[in-house]
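S.K.: Position 43, counted from 1, in the sequence shown is what UniProt numbering calls 43; the numbers after and before it change by one each time, with no gaps.
Note that CB positions come from ideal geometry on N, CA and C, so glycine has one too.
This is the structure, below, for whatever I ask next.
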Amino acid sequence: MFIGRQEELHDLESLIKKASSTFTVVYGRRRIGKTETIRHFIRTHNLHSIEITGVYGSTKTTQINAFVRKIERASKGKISTKEKFKEWQDAFFMLEDYIETLDNEKKVIFLDEFPWLDTHRSKFLSAFSEFWNDFCTRRTDIILIVCGSATSYMINKIIKNKKTLHNRVTKKLHMQPFRLKTTKEFLESKHCKYSDKSIVDTYIVLGGVAKYLEDLDCTKHQLENISYQCFNKNGLLITEYQDLYHSLFQNAQWHYKIMNLLSSKWSGYIQKEITKELNTSPSTINKVLDELELSGFISSVTLFGKKSREKVYRATDPFSYFYNKWMKDQTNINFKEIALSQRYKVWAGFAFENLCHIHTHEIKEQLGVSGVNTQTHYWQHRGDKGAQIDMLLEYVDGSKNIDIIECKYYDSTFTITKKYYEELREKISIFNEQTKYKYNIRLIFVTPFGVTANEYYNELVYKDISIHNILN
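Okay, here's the thing in structure tokens:
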């Protein structure tokens, strides 16, 4: 059963009705289901297709030979050559010859792992550009789809191409990991009998990465699955962290360094703090930060109330957080034991807060403000009485409304104690003082099982949102 990706499938289906050939770019981190989504689209509409996949680290000659063999097999011997092509242009000419043997119905030319085909000095991109500009655009029956995990390549070399591919892209699809609700649907389709809390426990480790979720054994408990995937020598994720960044970025050492740093501090770092911690210059890290953000591994928010609008960079990829805390440089780990420890519960609380940041849209839906423009901020006041708000939702519709969102990860209904009530009042008071009482403040709680409606709740809380609300 195919789960999710309805928006992407709708966009792909619209290409069939186009009166001309189309050029679509699909990108996003590896293992999130890009290839399977495209294949599902092709199967569902019974479209004739040829799929050619780049191989990481292969030479130009090897890539061309594989390209040619794929055409020969697809044509069932109608198109073949004994010549060993040395240039990509000849390989694309052969692809054109194959296409001309087909009828005039819509057909899909699917080039997967596109950046890996474009090896150093191979002239692949120029040959591909010629294929699109001189052949495909003269026809009305081609749905050309290029797909890749290296987001920076896909954006800079294709979507923002200033030369022969400038403004040629018909549609671009940036595929993201599953949201929490789709993750539940995916696990249910695998017959995983997980509670809502166990689904969240899984998400804060694996995120919504389809392949990670697909690899779960639903006959096992959530803890057993994480233990096997992440700590068994045969587990899927043992080498994933290293493989992930090397496959996505050239010269990935700075991507590693920045992710390792950002994963060490939940509240994040501003740019000058990153350069200081890593003993480098802004020019070294600016491009890396952009690439990590484009790829969905980090996010940036502004410091609320600061005129400079300086950004705070935060790691948002759940698996990267988990790896750097529990897997990195560790051997002989008993994860089941760790998961029951107090230090893991503290970590899970921060990881849940990260999940809330990722699901700001769903929180807004529960608040009934999904159509209102908002900005998410981090706020901190240092003084005799310090205060910190990790998730502050500012309404930018002129209303002067602000939601302070408290994310609490507990195994039962959360109760506001007198001590915590006083801390909340103090935090809100300091915020009002520092912002000159300009804002209408609402206090929102997000928890697994809701908040006890006691006297402190009734006085302070505007709304509490449970995981059940988001998942159902």
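What are the complete alpha helix (DSSP H) segments, minimum 4 residues, inside the stretch 286-334?
M.R.: If we require 4 residues or more, the alpha helix (DSSP H) runs fully inside the stretch 286-334 come out as 318-322.
S.K.: For Thr44, name the three-state secondary structure that DSSP assigns.
M.R.: It is helical.
S.K.: Alpha carbon to alpha carbon, how far is Lys84 from Ala66?
M.R.: C-alpha separation (whole angstroms): 11 Å.
S.K.: Run through the DSSP bridge pairs and tell me what Asp196 is partnered with.
M.R.: In the DSSP output, where bridge partners are listed per residue, Asp196 has none listed.
S.K.: Hey, out of Asp118, Met175 and Lys17, whose CA is closest to Ser58's CA?
M.R.: The candidate whose alpha carbon is nearest that of Ser58 is Asp118.
S.K.: Which same chain residues, not among the five before or five after Trp379, have their C-beta less than 6 Å away from its C-beta?
M.R.: Answer for Trp379: Phe304, Ile389 and Leu392, listed in chain order.
S.K.: Pull up the CB-CB distance for Ser320 and Phe297, whole angstroms please, since I reckon it's below 8 Å.
M.R.: Contact holds; Cβ gap of about 6 Å.
S.K.: Report, in whole angstroms, the separation of the C-beta atoms of Cys407 and Val446, which I expect to be a contact under 8 Å.
M.R.: Contact holds; Cβ gap of about 5 Å.
S.K.: Which residues bound the alpha helix (DSSP H) around Gln434?
M.R.: Looking at the DSSP string, the run of the alpha helix (DSSP H) that includes Gln434 is Lys418 to Gln434.
S.K.: Under 9 Å, do Asp464 and Tyr457 count as touching if we go by C-beta distance?
M.R.: Yes; because the gap between Cβ atoms is below 9 Å, this pair is in contact.
S.K.: What is the rounded straight-line gap between the Cα of Gly450 and the Cα of Ser466?
M.R.: Their Cα atoms are separated by approximately 5 Å.
S.K.: Taking the Cβ atom as the reference point for each residue, do Ser20 and Val108 lie within a distance shorter than 9 Å?
M.R.: Cβ atoms of Ser20 and Val108: not closer than 9 Å.
S.K.: Please confirm whether Leu261 and Ile270 have their CB atoms less than 9 Å apart.
M.R.: Not a contact, by the Cβ cut-off of 9 Å.
S.K.: From the DSSP secondary-structure annotation, give me the bridge partner or partners of Gly450.
M.R.: According to DSSP, which records beta bridges pairwise, Gly450 is partnered with nothing at all.
S.K.: At a Cβ threshold of 9 Å, is Leu262 touching chain B?
M.R.: No chain B is part of this structure, which consists of one protein chain only.
S.K.: Who pairs with Gly148 in a beta bridge, going by DSSP?
M.R.: Beta-bridge pairing links Gly148 to Tyr27.
S.K.: Just the C-alpha distance for Glu185 and Val68, rounded to the nearest angstrom, thanks.
M.R.: When rounded, the distance between both Cα atoms is 40 Å.
S.K.: Measure from the alpha carbon of Leu292 to the alpha carbon of each residue in Ile333, Ala315, Ser283 and Asn279, then state which is nearest.
M.R.: Checking every option, the nearest Cα to that of Leu292 belongs to Ala315.
S.K.: Check whether the Cβ atoms of Pro177 and Arg5 lie closer than 9 Å to each other.
M.R.: Taking 9 Å as the Cβ cut-off, Pro177 and Arg5 do not qualify as a contacting pair.
S.K.: So who's on the other strand from His381, going by DSSP bridges?
M.R.: Answer by DSSP bridge pairing, in chain order: Ala387.
S.K.: Quick one, which of Ile226, Tyr212 and Lys60 has its alpha-carbon nearest Asn334's?
M.R.: That would be Ile226, whose Cα lies nearest to the Cα of Asn334.
S.K.: With 16 as the cutoff for other CB atoms within 10 Å, does Tyr98 come out buried or exposed?
M.R.: Its Cβ being crowded by 16 or more others within 10 Å, Tyr98 is buried.
S.K.: Measure the C-alpha to C-alpha separation of Thr170 and Val26 and round it to an integer number of angstroms.
M.R.: Each residue's Cα considered, the two are about 11 Å apart.
S.K.: When the distance is taken between beta carbons, is His381 closer than 9 Å to Ile441?
M.R.: Their beta carbons are not under 9 Å apart, which means Ile441 does not touch His381 by this criterion.
S.K.: With DSSP as the reference, identify every bridge partner of Ser466, one or two as the case may be.
M.R.: Paired residue(s): Thr447.
S.K.: Look up Tyr56 in the DSSP assignment and give the residues it is bridged to.
M.R.: Answer is none; Tyr56 lacks a bridge partner.
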